[in-house]
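Asker:
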Amino acid sequence: MPTHSAPCGLDFGTSNSTLAVPTGDGPALVPLEGEHVTLPSAMFFGFDAEHAFLVGRAGVTAYIDGVQGRLLRSLKSILGSSLIDEKTPVFRKRMAFSEIIGRYLAEVKRRAEVRLGHPIDQVVMGRPVHFVNDDPVGDRHAEDSLRKIAHGIGFREVSFQYEPVAAALDYERQITRETLVLVADIGGGTSDFTIVRLSPQQHGQRERASDLLANGGIRLGGTDFDTSLSMAAFMPLLGHGTPQKRQELEVPARPYWDLSTWSAVHLLYEPKRILELRSIRQAALYPEHIDRLLRIIDHRRAHSLLIAVEAAKIALSDAERATAALDWIEPGLAVDCTEEGFRQATRRLHERLRTTVLSCAQAAGIRIDQLDAIYFTGGTSQIPDVRATIASCFPESAIVDGDRFGSVGLGLAVEAQRRYG
Ligand SMILES: Nc1ncnc2c1ncn2[C@@H]1O[C@H](COP(=O)(O)OP(=O)(O)OP(=O)(O)O)[C@@H](O)[C@H]1O
Ligand SMILES: [Mg+2]
520 MPTHSAPCGL
530 DFGTSNSTLA
540 VPTGDGPALV
550 PLEGEHVTLP
560 SAMFFGFDAE
570 HAFLVGRAGV
580 TAYIDGVQGR
590 LLRSLKSILG
600 SSLIDEKTPV
610 FRKRMAFSEI
620 IGRYLAEVKR
630 RAEVRLGHPI
640 DQVVMGRPVH
650 FVNDDPVGDR
660 HAEDSLRKIA
670 HGIGFREVSF
680 QYEPVAAALD
690 YERQITRETL
700 VLVADIGGGT
710 SDFTIVRLSP
720 QQHGQRERAS
730 DLLANGGIRL
740 GGTDFDTSLS
750 MAAFMPLLGH
760 GTPQKRQELE
770 VPARPYWDLS
780 TWSAVHLLYE
790 PKRILELRSI
800 RQAALYPEHI
810 DRLLRIIDHR
820 RAHSLLIAVE
830 AAKIALSDAE
840 RATAALDWIE
850 PGLAVDCTEE
860 GFRQATRRLH
870 ERLRTTVLSC
880 AQAAGIRIDQ
890 LDAIYFTGGT
900 SQIPDVRATI
910 ASCFPESAIV
920 DGDRFGSVGL
930 GLAVEAQRRY
940 G
């Protein structure tokens, strides 16, 4: 057992993870893949020894390059659901999802320790305000699962902090006067909010409960924007919404939802689902559309489609139009996406974000004009309409952008220093 304490903050994200440690100069993110301080939360189990287990960009690249194997992403979304203890086939064996998350986080820990040159054994892990919506039991179950996983990979002390509170602690390092702020962490899987009074004097203090006015959150993030864009713009090309031959019905929508959902896409490879797709093709008025869908599944390219959807979504943050070339499905096939179409497709998501923000403000008991600033972090905070939706709730507040992918991890290291340092 180490004689000195070795704390860290660990942000296991739906899309990206980071690990940060306290240093004499404040918290610092540890490079986890080359010089990148973020590690995509992606795991690839290859069918050959060379690619047996790859994480991060290397895992996604192996999959895109066509290496035979299985890609898993967005596994954080499984925490809090009954799936977490279920086993799933990875090459020649079956592994529980909790075991797969453990393999990934053990790799994060190992890489950080190699880089730092010493073991780390105490961790403050980030957690969303709600892993699941309207389900306190599921929330507790999710945190318990994550705690068990963290102990299982060798952390001696494990505690949690809300992700937006961590981001607030990071922001607090840069302010010069007392500020009432809404932290909006819009990530891949969840959107998390905290309304907090920050001040340079209080930074690093242990007892901050009276400064924390309210937390709120919703299981809705960038992956849901991917799903909406996919269903609206991509799936119709694969037959979604087209009629069947005999009945006044459309082809079933479920396969299209699964193909558009990061945490469900692997289900389409199950033999009974493939049989179901073949019978959908039989009944379809335009089977050539369903053939495209079948080709994606037969070639195990379902994640490639979601990667194309996500890339189009990201492009729309900076441009009015984006084109996704899908020649790999069929020569000449492409999807044109527009900012306006994306806006229409995601209208419901914006409404839910707005409701969550407003109820957080209400719980904090503040007047709208009392809020000094909105602090944005998380990759999805780059969608212009998402920013506008949240900003419109507080028209007079200043807008501040944090380190989009590092703020939570850095704040968790501040918290780790406070608790264990
Ligand atoms: N420029 C961009 N425009 C829009 N979305 C973006 C952009 N860059 C990244 N994203 C999206 O941001 C999300 C990832 O953000 P982030 O890394 O903050 O999430 P996370 O921390 O892994 O998730 P969570 O905190 O919800 O568990 C992805 O859905 C990604 O597609
Ligand atoms: Mg996050």
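Following this note's numbering, the numbering of the sequence shown begins with 520 at its first residue and continues without gaps.
All C-beta atoms, glycine included, are put in the ideal place defined by N, C-alpha and C.
Taking the alpha carbon of Val633 as the reference point, which residue from Leu538, Ser617 and Ser593 has its own alpha carbon closest?
Answerer: Here the closest residue by C-alpha is Leu538.
Asker: With DSSP as the reference, label Ala834 as helix, strand or coil.
Answerer: Here Ala834 sits in helix by DSSP.
Asker: Any contact between the stretch 908-920 and the stretch 673-682? By contact I mean 3 or more CB pairs, one from each, below 8 Å.
Answerer: Too few Cβ pairs lie closer than 8 Å, so no.
Asker: Quick check on Asp654: does DSSP put it in helix, strand or coil?
Answerer: Of the three classes helix, strand and coil, the one that applies to Asp654 here is coil, per DSSP.
Asker: Please list the terminal residues of the continuous beta strand (DSSP E) segment that includes Tyr894.
Answerer: Run containing Tyr894: Ala892 to Thr896, per the beta strand (DSSP E) assignment.
Asker: Following the continuous beta strand (DSSP E) through Arg589, name the residue where it begins and the one where it ends.
Answerer: Start and end: Gly588 to Arg592.
Asker: Determine, using beta carbons only, whether Phe861 and Ile887 come nearer to each other than 9 Å.
Answerer: No. Outside cutoff.
Asker: Under a three-way DSSP split, which group does Thr875 fall into?
Answerer: Three-state result, Thr875: helix.
Asker: Anyone know if the C-beta pair for Leu624 and Ser536 falls short of 9 Å?
Answerer: In contact: Leu624 and Ser536 (Cβ atoms closer than 9 Å).
Asker: Spatial neighbours of Gly645 within its chain, please: C-beta separation below 6 Å, excluding the five flanking residues on both sides.
Answerer: The answer, listed in chain order, is Asp530, Glu682, Ala685, Val927 and Leu931.
Asker: Give me, in chain order, the residues of the same chain whose beta-carbon lies closer than 6 Å to that of His869; leave out the 5 immediate sequence neighbours on both sides.
Answerer: Hits under 6 Å: Thr908.
Asker: For His555, which beta-bridge partners are listed by DSSP?
Answerer: In the DSSP output, where bridge partners are listed per residue, His555 has Glu552.
Asker: Can you give me the C-alpha to C-alpha distance between Gly735 and Thr899, rounded to a whole angstrom?
Answerer: Going from the Cα of Gly735 to the Cα of Thr899 covers about 17 Å.
Asker: Which class does Glu849 belong to by DSSP, given the choice of helix, strand or coil?
Answerer: Correct three-state label for Glu849: coil.
Asker: Using the beta-carbon count (16 or more within 10 Å), is Ser664 buried or exposed?
Answerer: Buried: at least 16 other Cβ atoms inside 10 Å.
Asker: Go ahead and pull the three-state DSSP assignment for Met520.
Answerer: Low confidence applies here, because Met520 scores a pLDDT of 46, under 50, leaving its location unreliable; read the following figure in that light. It is coil, neither helix nor strand.
Asker: What is the DSSP secondary structure of Pro683, counted as helix, strand or coil?
Answerer: Helix at Pro683.
Asker: Please write down, chain order preserved, every residue whose beta carbon lies under 5 Å from a heavy atom of ligand 2.
Answerer: With the cut-off at 5 Å, the residues found are Gly532 and Gly706.
Asker: So, does the stretch 573-580 touch the stretch 545-556, judging by three or more C-beta pairs under 8 Å?
Answerer: Yes, the stretch 573-580 is in contact with the stretch 545-556.
Asker: Could you compute how far the alpha carbon of Glu697 sits from the alpha carbon of Leu717?
Answerer: Roughly 6 Å separates the two Cα atoms.
Asker: Going by C-alpha to C-alpha distance, which of Arg630, Lys628, Val627 and Ser596 sits closest to Phe616?
Answerer: Of the listed residues, the one whose Cα sits closest to Phe616 is Ser596.
Asker: Which residue marks the beginning of the beta strand (DSSP E) containing Phe564, and which one marks its end?
Answerer: Segment Ala561 to Gly565, the beta strand (DSSP E) holding Phe564.
Asker: Classify Pro762 as helix, strand or coil using the three-state DSSP reduction.
Answerer: Here Pro762 sits in strand by DSSP.
Asker: Which residues mark the beginning and the end of the alpha helix (DSSP H) in which Val927 is found?
Answerer: Looking at the DSSP string, the run of the alpha helix (DSSP H) that includes Val927 is Ser926 to Tyr939.
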